[in-house]
Amino acid sequence: MISFVVPAYNEELELPPTLQAIRQAAAEVGEPYELIVVDDGSTDNTVALARAAGAEVVTIARRQIAAARNAGARQARGEILFFVDADTRINAIHIRDGLDALKKGCSGGSARIVSDHATPRWGHLVLKILSALYFANGLGAGAFIFTTRANFEAIGGFDEQYFAGEEVFLSLALKKIGPFKILREPMVTSGRKLRMHSGGYLWWRSTCIVLGGKRACRSRGKLDLWYDGKRESKTT
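Number 420 marks the last residue of the sequence shown (the working numbering); no jumps.
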């Protein structure tokens, strides 16, 4: 069985279409699956909407993406784990190609990113450039990562000492087990950060994180770009 783990914090707008996309994709593939939403302290209608969509809800109070994903994995019953962010849409190709990669001996994988259509033009360009550099190193994007339960447990899951960048360390750990596959089919993720913040702000915050290295990723207080809780008032 496939377990889809979706971490969420105040995602009442983005979560429903994400869950719908997962269900449609899973139905096309035809494999048994379960859908788990990990609510990490939401104050909106995230939990109610997740349950209305037929998802199992796991509740934690950590405000940490790595902890949320790990909590979902512990609850999951499947031997295959797909981690999908609450603002990310996948399709049947991602599932089929992911399963095929695992069957061929890959330790796990991810996919390239494209943002939704409402993203500013400069945002599309920046994302394209950064993605080219990032995926050239064969690293997984946190918005979508897949692996087997056995491999996930062998590496200890997501490292909870990090509040950001945990997908990088997970990717590196999985690479020690076997090839890490970056799927050709891109996933669609929300461009809300590119809409809600200026290019200058995003550049400044990203530069601070890069220069700060691992230490900068160990404190939520320094990662407002991920943890400020800002959300859009409508979907794109």
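The beta-carbon is built from N, C-alpha and C at its ideal position, and this holds for glycine as well.
Source: prediction; values computed, not measured.
May I ask you to list the residues that DSSP assigns as paired with residue i?
i: PHE188; result: LEU219, PHE266
i: MET371; result: ILE297
i: ARG273; result: VAL372
i: ASP412; result: Partner(s): none; ASP412 has no beta bridge.
i: GLY292; result: THR331, PHE364
i: ASP224; result: ILE244
If we ignore side chains and look at the alpha-carbon of each, how far apart do residue i and residue j end up?
i: LYS287; j: VAL298; result: 26 Å
i: CYS290; j: LYS398; result: 27 Å
i: ALA257; j: PHE188; result: 9 Å
i: ARG333; j: LYS406; result: 32 Å
i: ALA285; j: ALA276; result: 14 Å
i: ASP408; j: ILE393; result: 11 Å
i: PRO304; j: THR373; result: 14 Å
i: THR391; j: GLY384; result: 10 Å
i: VAL190; j: ASN335; result: 19 Å
i: ALA210; j: GLY238; result: 14 Å
i: GLY413; j: ARG404; result: 12 Å
At what residues does the beta strand (DSSP E) containing residue i begin and finish?
i: PHE328; result: 328-332
i: THR243; result: 240-244
According to the Cβ coordinates, are residue i and residue j closer than 8 Å?
i: ARG235; j: VAL241; result: yes
i: LEU358; j: GLY262; result: no
i: GLU416; j: LEU197; result: yes
i: THR272; j: THR331; result: no
i: VAL222; j: ALA252; result: yes
i: VAL213; j: ARG280; result: yes
i: PHE319; j: GLN248; result: no
What residue does the alpha helix (DSSP H) around residue i start on, and which one ends it?
i: HIS308; result: 305-319
i: ALA209; result: 199-213
i: ARG235; result: 230-236
i: LYS359; result: 350-359
i: ARG261; result: Run containing ARG261: none; DSSP gives neither H nor E here.
i: ILE393; result: 383-400
Mind reading off the beta-carbon distance from residue i to residue j? Whole number of angstroms is fine, and I expect it under 8 Å.
i: GLY375; j: ASP300; result: 5 Å
i: PHE328; j: ALA295; result: 5 Å
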